[in-house]
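Each remark here refers to the structure printed beneath this line.
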Amino acid sequence: MNEARHSSTHPPADAGADNSADLHVTIDVMGLRLQSRDDLSISLQVYGGETCYLIEDPLSSRFYRVGVTEYTLLSLLDGDRTIADAMARTAELTGQHAMSEEATIAYCKWLVDSGLAATAQSASGGRLAEAAEQSHRERWAARLTPLFQRLPLARPDELAEHFRPLAAKLFSTTGALVWTALVALGACSIWLRWDAFAAGGTHVLSPSNWIYLAGAWLTLKMVHESAHALACKRYRGEVKEAGFMLVLFAPLPYVDVTSAWRFDSKWKRMTVSAAGMMAELAVAAVAAWVWAHADSPSIRQTAQNIVVTAAFMTLVFNANPLMRFDGYYLLVDLLEAPNLSTHGSQWIRRLLRRLLFGEPAPAANWPEHRTWLVATYGIAALIWRVFVCLVLVILAESMFFGAGVVLAILAVAAWLMAPLAQFVKALRQHPDIAARRRAGIVLSSLGAAVAAAWVLIPCYSPVTAPAVVDHWPLTRVRARSEGFVERVAVVPGQHVQEGQLLVQLSNAELELEAEQLRLEIEHSRQRSRNFRAHEDIASLQIEDRNRQALEDRLESVHNELAHLVVRAAVAGHIVELPLQWQEGTLVLPGAPLVAIGRESDKQLHVMVSQEHLEAFQSRTKRQGGFTERSLAAHIWGVGTTRVSLDQVNPRGTTTLRYPALAALAGGPLEVQPRRAPLDAAELEGAGSHEANGDSAVTAQWELTTPHFWAVASGASLAELRAGQTGFVRFWRFEGTLGKVLMQRFTRWTEARRQQARSVQGE
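According to my numbering, the sequence shown is numbered sequentially starting from 1256.
The structure is reproduced here in structure tokens:
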């Protein structure tokens, strides 16, 4: 993160536009006599296919790249010639590439402001005092920025010189090949064991690991900056300064390798920029190999800390071209687009001045064909800076609680005061009253638009819930007689016809009772014949009544025996067969044996969280005579279809109806081991075997939070397979934009207060 690399070019053509009042002076600018500083170091370079000159200011450690025409004019400013004479002589020497009078004035003003040239006026006591005061204000402004501090500590150039032979070996073709092989080895080590690495990654951000993570991060940053220094010395550059930047009081090492701008090859400069990231990735590759082969948990955790930290810092910060770190300088040198960040900021300012003051845009200081690049970068970098500042403010408030609020307020004030002060100054000093009036109208209109958006724009939020296709309603075949399972004639998924044998039960007691009843009935008939032969009418009537009772009982037993043969009540697929492998098991009357689902009877079962329960319930209520029940259902591997929400069960449950939706199976629902046995009613309420997949999982695991069962139907569901998963989604109106933002801000601040109180209580 070699933040200390600075570069600039000659002033943009709109430099005067941003300070238009400064050009309306009473003195004859072209009659002034400028003298360039004689301590500047100037070298010839070829950049972007064009010849240019690199100017090094040894006092500020800044570099400036100017064209041939600009350098010619600078070389003619000897203190004896006036600016007009120097411009005329430059025109003679450069011909058609000569600068206009307006461009010459802007360029000379920039030379004076940059300290590269001086006049009698700019070198006067008043001007020097003003410059000193401005520098003093800038230093104090930097010190008062509470989230960023820079502390230079040493000049490591002599130390780095001792390691130049090592740097020559590291940054060579052989070194590049070794580095590539090392990174490939580390990447393969992670790739082949990705599941284990991801599982261990949940511990990386736990509070107990923060101190070790910080140690790994600081070590990597030291390696990172040392690599920048070695790469700079490899090409005989100078490492002028090293120290720490404090971001949220966290130390960030840095080295000043601005001398890399002297290198005539962009590939050398890019090597210096990339050296830190290459070193971090090399260390991360070694750590990845250690993690993959170590047995000690502590060593594996330390290695994983290094890998995660290196990957995060490289992707989010170092390689990010939207921040002026390594990625930015790599992009600038690769595209040969100097001052891309500066030009992007200038493009934003030019746009604002055109919108506010209606000023025509002056000629750009970058090639016309790169305007799209400058504009895109300027907008993206602005958005990223705002995002980073907001994140840092939130982190400051979160880390320091009460003091963090003050720190965040000071940071926001420091960031906003300078641009606001510049805008107010530009508005007050603008010479055109009509332009100032226009700016007022534009700002008022913008404020009115923001206020209107605050109270009028509706805000919707997506409501989603996981879902699974299942047969419903199911035709459940239950045992009507007590018996033991003798044979199961079907398997899950099998198609059966109405009346087909499903399960054969047996009951020896019933069969014995039936045989005994038949014998008793036969004996009763024999007795009845005897009573009739003896004309014992009273005894005959009693015997006939007893025999009728026996026959009724036998008929009942025969019915029970007939029910031991379980047949399909409807045609369909076997979707649930809990007794498939339980032959010989006793079955009581009423126990579910088989569930049959018809292909035409399918529904979408949705698991609704407590957070979204009210939103789903509102979709089933009539509002103004109309109910919007339609939902978008996305089925994985199929696509999106429309379904209608039929009902939402108001009773929550932790029963894992569908294990396919559990996090254990890659689903969205968090589960935990079941704390109480699953009763029969809950087990029966689980999904079909075809959609459920494994009732044992349902019996062993439960949801961490209660969910509510909703049912949706649709004609297209009949074409899907039971067990296919997906999710449903619809948009819920939350209120106006202002109301939603205020609610979320209130919830966020309340959460922060509760966290602060809990920490203070501890």
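Ideal Cβ positions, reconstructed from N, Cα and C, are used throughout, including at glycine. Since this is a predicted model, take the numbers as computed values, not measurements.
Nearest CA to the CA of residue i: which residue from the options?
i: TYR1490; options: GLY1738, ARG1733, ASP1519, LEU1414; result: ASP1519
i: ALA1469; options: PHE1572, VAL1563, GLY1633, LEU1772; result: VAL1563
i: GLY1582; options: ALA1630, SER1553, ALA1636, ARG1802; result: ALA1636
i: LEU1485; options: ASN1464, TYR1467, ALA1530; result: ALA1530
i: ASP1450; options: TYR1467, LYS1495, GLY1921; result: GLY1921
i: ILE1890; options: LYS1994, LEU1772, ASP1725; result: ASP1725
i: MET1500; options: TYR1467, ARG1976, LEU1406; result: LEU1406
i: GLY1599; options: LEU1371, ARG1317, PRO1576; result: PRO1576
i: PRO1961; options: GLN1865, GLU1480, GLN1759; result: GLN1865
i: ALA1497; options: TRP1472, PRO1411, MET1525; result: PRO1411
i: VAL1830; options: GLU1815, GLN1837, ARG1853, LEU1819; result: ARG1853
i: LEU1438; options: LEU1682, ARG1605, ALA1542, ARG1288; result: It is worth fixing the name first, because residue 1438 is Val in this sequence and not Leu. Ranking the options by Cα distance to VAL1438, first place goes to ALA1542.
i: VAL1751; options: LEU1765, ALA1707, LEU1767, VAL1732; result: VAL1732
i: ALA1817; options: ALA1537, ASN1762, ILE1634; result: ASN1762
i: ALA1409; options: PHE1452, LYS1424, ALA1341, TYR1509; result: TYR1509
i: LEU1859; options: GLU1815, ALA1720, LEU1774; result: ALA1720
i: PRO1593; options: GLU1764, LYS1521, ILE1688; result: LYS1521
i: TRP1516; options: ALA1537, GLU1535, VAL1494, MET1532; result: VAL1494
i: VAL1926; options: ARG1897, GLN1902, LEU1916, LEU1958; result: LEU1958
At which residues does the beta strand (DSSP E) containing residue i begin and terminate?
i: HIS1860; result: 1857 to 1864
i: LEU1329; result: No beta strand (DSSP E) contains LEU1329, which is instead part of the alpha helix (DSSP H) from 1323 to 1331.
i: HIS1962; result: 1956 to 1968
i: HIS1828; result: 1827 to 1831
i: GLY1845; result: Per DSSP, GLY1845 belongs to no beta strand (DSSP E) and is neither H nor E.
i: THR1896; result: 1894 to 1903
i: PRO1713; result: 1713 to 1726
i: TYR1308; result: 1305 to 1312
Helix, strand or coil for residue i per DSSP?
i: HIS1789; result: coil
i: SER1736; result: coil
i: ALA1757; result: The sequence given here has Leu at residue 1757, not Ala. Reduced to three states, the DSSP call for LEU1757 is strand.
i: PHE1318; result: strand
i: TYR1509; result: strand
i: ILE1445; result: helix
i: ALA1549; result: coil
i: SER1520; result: coil
i: THR1730; result: strand
i: GLN1878; result: Here GLN1878 scores only 48 on pLDDT, less than 50, and its place in the model is too uncertain to base an answer on.
i: VAL1983; result: strand
i: TYR1302; result: strand
i: HIS1813; result: helix
i: LEU1682; result: helix
i: MET1672; result: helix
i: GLN1837; result: coil
i: LEU1975; result: coil
i: ARG1802; result: helix
i: LEU1408; result: strand
i: GLY1695; result: helix
i: LEU1819; result: coil
i: MET1354; result: coil
Looking at the unbroken alpha helix (DSSP H) that takes in residue i, where does it start and where does it end?
i: GLU1480; result: 1465 to 1489
i: GLU1416; result: 1412 to 1417
i: TYR1584; result: 1581 to 1590
i: GLN1872; result: 1868 to 1873
i: LEU1611; result: 1595 to 1612
i: SER1885; result: Not the alpha helix (DSSP H): SER1885 falls in the beta strand (DSSP E), residues 1885 to 1890.
Using the Cα positions of residue i and residue j, report the straight-line distance between them to the nearest angstrom.
i: VAL2091; j: ASP1312; result: In this structure the chain extends from 1256 to 2017, so residue 2091 is not present and cannot be described.
i: ALA1967; j: SER1873; result: 14 Å
i: HIS1483; j: SER1315; result: 20 Å
i: VAL1284; j: ARG1625; result: 32 Å
i: ALA1239; j: LEU1473; result: As shown, the chain starts at 1256 and ends at 2017. That puts residue 1239 outside it, with no answer to give.
i: ALA1471; j: LEU1919; result: 31 Å
i: PHE1786; j: ALA1850; result: 54 Å
i: LEU1612; j: ALA1694; result: Residue identity differs from the one stated: residue 1612 is Phe in this sequence, not Leu. Each residue's Cα considered, the two are about 5 Å apart.
i: ALA1361; j: ASP1368; result: 10 Å
i: ALA1436; j: ASP1333; result: 56 Å
i: ALA1346; j: ASP1293; result: 23 Å
i: SER1427; j: ALA1454; result: 38 Å
i: PRO1506; j: VAL1995; result: 37 Å
Taking 7 Å as the cut-off, is the C-beta of residue i nearer than that to any heavy atom in the ligand NAD?
i: ALA1965; result: You won't find the ligand NAD in this model; it holds no ligand whatsoever.
Task: Segment contact flag, the stretch 1707 to 1727 with the stretch 1796 to 1815, C-beta cutoff 8 Å, min 3 pairs - done: no
Task: Validate contact between the stretch 1844 to 1853 and the stretch 1729 to 1740 using beta carbons, cut 8 Å, 3 pairs - done: yes
TODO: Tell me, please, whether the stretch 1987 to 1999 touches the stretch 1904 to 1912 by the rule of three or more beta-carbon pairs shorter than 8 Å.
DONE: no
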